[in-house]
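Numbering (UniProt numbering), first residue to last: 1 to 267.
Cβ atoms here follow ideal geometry from the backbone N, Cα and C, with glycine treated the same way.
Right, one structure below, let's go through it.
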């Protein structure tokens, strides 16, 4: 088995970045989901589930660590990393509430114009990262702004099996993984408890619960009229009302991942 793809999402719910290599630590891939768009009024987080226009945004990192935002028909915007303890804003992501630094008025104006709604952009420094959902992981595990866990892994064969059942190819990026593994049988990752990639050990914490976001074409933002892949997933991947696809991970230690690395099941 090999690590066949690496993806990160600098701003939650914006376009994916395909990487050939990346540092990784307890917060996941370096720079992954460290920024978040929230409602200006109440700090509630926004995603493509309700705001598909977020999928038009490409986010990247400059040489000094600043965020670079681009979107079709818009001038690019550089956003400096705000100081960790300045201009703190209360935000809510699912059941979690936290205070994180606001990225300033220029970023807020750029995003508000694009979305047609007053929003703010916030950043999650290391020291303000969230605990994982209760009952999962270790006390040392943290996450920035993913739905709940620092890493998401999907087996390529699992996607291939799903595509075969649907009758047309499904894009991997509908599921927004960080790690893609080739060489295992379909849904083998459901049985893994610990894996090794390079010299790092990853703990498999829980299956990923899938939502309406998977029905959006990652290139166009258009929703599948037949609600695929959710429609088919519900026929064979639903458990206690949740539709499951992929596995959430945490990592022990820190290091670097490279596409092509061997993947070994330890447990």
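Beta-carbon proximity list for residue i, same chain, < 6 Å, skipping 5 on both sides
{"i": "residue 158", "result": "186 and 187"}
{"i": "residue 15", "result": "58"}
{"i": "residue 144", "result": "27, 33, 34, 124 and 129"}
{"i": "residue 137", "result": "205 and 250"}
{"i": "residue 17", "result": "8"}
{"i": "residue 224", "result": "215"}
Cβ separation of residue i and residue j, assumed to be a contact under 8 Å, to the nearest whole Å
{"i": "residue 179", "j": "residue 250", "result": "The pair is not a contact, with the Cβ atoms about 12 Å apart (cut-off 8 Å)."}
{"i": "residue 106", "j": "residue 77", "result": "7 Å"}
{"i": "residue 23", "j": "residue 216", "result": "About 29 Å separates the two Cβ atoms, so there is no contact after all."}
{"i": "residue 212", "j": "residue 49", "result": "6 Å"}
{"i": "residue 3", "j": "residue 181", "result": "6 Å"}
{"i": "residue 229", "j": "residue 170", "result": "5 Å"}
{"i": "residue 114", "j": "residue 184", "result": "No, residue 114 and residue 184 are not in contact; Cβ-Cβ is about 39 Å, not under 8 Å."}
{"i": "residue 197", "j": "residue 266", "result": "11 Å between Cβ atoms; not a contact."}
Residue i classed as buried or exposed, judged by whether at least 16 other C-beta atoms fall within 10 angstroms
{"i": "residue 220", "result": "exposed"}
{"i": "residue 141", "result": "buried"}
{"i": "residue 29", "result": "buried"}
{"i": "residue 13", "result": "buried"}
{"i": "residue 94", "result": "exposed"}
{"i": "residue 210", "result": "buried"}
{"i": "residue 155", "result": "buried"}
{"i": "residue 108", "result": "buried"}
{"i": "residue 149", "result": "buried"}
{"i": "residue 147", "result": "buried"}
{"i": "residue 5", "result": "buried"}
{"i": "residue 64", "result": "exposed"}
{"i": "residue 191", "result": "exposed"}
Residues near residue i by beta carbon distance below 8 Å, same chain, minus five either side
{"i": "residue 234", "result": "243"}
{"i": "residue 89", "result": "38, 43, 99, 100, 101, 102, 120 and 122"}
{"i": "residue 306", "result": "Only positions 1 to 267 of the chain appear in the structure, and residue 306 is not among them; the question remains open."}
{"i": "residue 110", "result": "69, 74 and 77"}
Helix, strand or coil at residue i [DSSP, three-state]
{"i": "residue 82", "result": "coil"}
{"i": "residue 165", "result": "helix"}
{"i": "residue 23", "result": "strand"}
{"i": "residue 12", "result": "coil"}
{"i": "residue 87", "result": "coil"}
{"i": "residue 224", "result": "coil"}
{"i": "residue 252", "result": "strand"}
{"i": "residue 294", "result": "As displayed, the chain neither begins before 1 nor continues past 267, which places residue 294 out of reach and without an answer."}
{"i": "residue 98", "result": "strand"}
{"i": "residue 140", "result": "coil"}
{"i": "residue 93", "result": "strand"}
{"i": "residue 207", "result": "strand"}
{"i": "residue 268", "result": "Any property of residue 268 remains undetermined from this structure, which presents the chain solely from 1 to 267."}
{"i": "residue 258", "result": "strand"}
{"i": "residue 128", "result": "helix"}
{"i": "residue 189", "result": "helix"}
{"i": "residue 113", "result": "helix"}
Those residues which DSSP pairs with residue i across a bridge
{"i": "residue 59", "result": "69"}
{"i": "residue 239", "result": "242"}
{"i": "residue 45", "result": "38"}
{"i": "residue 7", "result": "18"}
{"i": "residue 183", "result": "Looking at the DSSP assignment, residue 183 forms no beta bridge with any residue, so it has no partner."}
{"i": "residue 201", "result": "196 and 252"}
{"i": "residue 75", "result": "Note: residue 75 sits in no beta bridge, so no partner."}
{"i": "residue 151", "result": "249"}
{"i": "residue 171", "result": "BP columns for residue 171 are empty, so no partner."}
Neighbourhood of residue i by C-beta, 7 Å cutoff - its chain only, sequence neighbours within 5 removed
{"i": "residue 83", "result": "101"}
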